[in-house]
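Beneath this line is the structure, given in structure tokens, with notes to follow.
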Amino acid sequence: MANTTLEDLQHEWSICQYQTLAAKKESCFSALSQKTHNAIQAHNTDASLLIWSGIIDSSWAGAKGGLGALSLVKQARSNLEKAIEIDPGALQGSAWTSLGALYYQVPGWPIGFGDKEKAEEMLKKALAINPDGIDPNYFYGDFLLQEKKNQDAKRYLDKALKAPARPGREIADNGRRRDIAKDLASIK
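For what it's worth, our numbering labels the leading residue of the sequence shown as 1, then goes sequentially.
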């Protein structure tokens, strides 16, 4: 467990997210979350590990769904905020992207901490750091689509679709491109 690398976590997340049956996703993310938390115990000031912990726990929450997922998204938010305190630009601003996604996907008060204005602010910070990245453009486009700003959404989703491939992240990139295509199809 101590030898878990960032690349291992990214690859395993891709498998859980895009190649695991829906019925098994929750247990896949649960096991990966434990592995990530073990790695953080050894390296608790590593912004990259904290970011991936946030991504994994928020993905686990998505697989779990319902009110039972709220503790996971709160844990994800906490780790993403810690990562920003340590290094706001780590992993090309991925903490901002993931935190922005949480803020628009989680319900607002009194159930959760969701906040559309904070979401937009954070997603724009992510885009300022990584203007051509697949994830910040996808999530901002998805946010705009949910806000019924279809033409603006299309512009960011098209840009996400044209983002350069990330070496070693082929499964994630292919899966994200399917997510983008699904959003674009809903606009037409």
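For every residue, glycine included, the Cβ atom is placed at its ideal position computed from N, Cα and C.
Note that the coordinates shown come from a computational prediction; the quantities given were computed from them, not determined experimentally.
Given this structure, state the Cα-to-Cα distance separating T4 from L49, to the nearest angstrom.
Between the alpha carbons of T4 and L49 lies a gap of roughly 10 Å.
Taking one C-beta from the segment 129 to 146 and one from the segment 100 to 118 each time, how about it: are there three or more such pairs within less than 8 Å?
When C-beta atoms of the segment 129 to 146 are compared with those of the segment 100 to 118, three or more pairs fall below 8 Å, so the two segments count as touching.
Between E7 and F29, what straight-line distance do the alpha-carbon atoms span, to the nearest angstrom?
Answer to the nearest angstrom: the Cα atoms are 16 Å apart.
For the putative contact between L80 and S98, defined by C-beta atoms under 8 Å, what is the C-beta separation to the nearest angstrom?
About 6 Å; that satisfies the 8 Å criterion.
Q41 versus S53: straight-line alpha-carbon distance, rounded
Cα to Cα, Q41 sits roughly 12 Å from S53.
In three-state terms, what does DSSP make of T97?
If DSSP states are grouped into helix, strand and coil, T97 belongs with the helices.
How many whole angstroms separate the CB atoms of A63 and V73, which I take to be in contact at a CB cut-off of 8 Å?
That belief does not hold up - the Cβ atoms of A63 and V73 are roughly 12 Å apart, past 8 Å.
When the Cα of A47 is compared with those of A172, S78, A23, which residue comes out closest?
Relative to A47, the option among A172, S78, A23 whose CA is nearest is S78.
I need the straight-line Cα distance from L184 to N174, nearest angstrom please.
So the alpha carbons of these two residues sit roughly 15 Å apart.
Measuring CA to CA, which of R166, I180, I15 is closest to L91?
Of the candidates R166, I180, I15, the one whose C-alpha sits nearest the C-alpha of L91 is R166.
Flag this pair as yes or no: are the beta carbons of A95 and N137 separated by less than 8 Å?
Not closer than 8 Å, so no.
Should R176 go down as buried or exposed, given a rule of 16 or more other Cβ atoms within 10 Å for buried?
Counting Cβ neighbours within 10 Å, R176 comes out buried, since at least 16 surround it.
How close, in whole Å, do the beta carbons of G89 and I129 come, if the pair is a contact with beta carbons under 8 Å?
Right, the Cβ-Cβ distance comes to about 6 Å (below 8 Å), so this counts as a contact.
Alpha carbon to alpha carbon, how far is T45 from I86? Give it in angstroms, no decimals.
When the Cα atoms are used, I86 and T45 turn out to be separated by approximately 7 Å.
Please report the straight-line C-alpha distance between H11 and A83, rounded to a whole angstrom.
Taking the straight line from one Cα to the other gives about 20 Å.
Is G148 buried or exposed, if buried means 16 or more other CB atoms sit within 10 Å of its CB?
The identity of residue 148 in the sequence shown is Lys, whereas the question assumes Gly. Its Cβ having fewer than 16 others within 10 Å, K148 is exposed.
Between the alpha carbons of D135 and L127, how many angstroms are there, rounded?
In a straight line, the C-alpha of D135 is about 9 Å away from that of L127.
Compute the distance between the beta-carbons of I15 and I171, then report whether it is under 8 Å.
For I15 and I171, yes; Cβs fall inside 8 Å.
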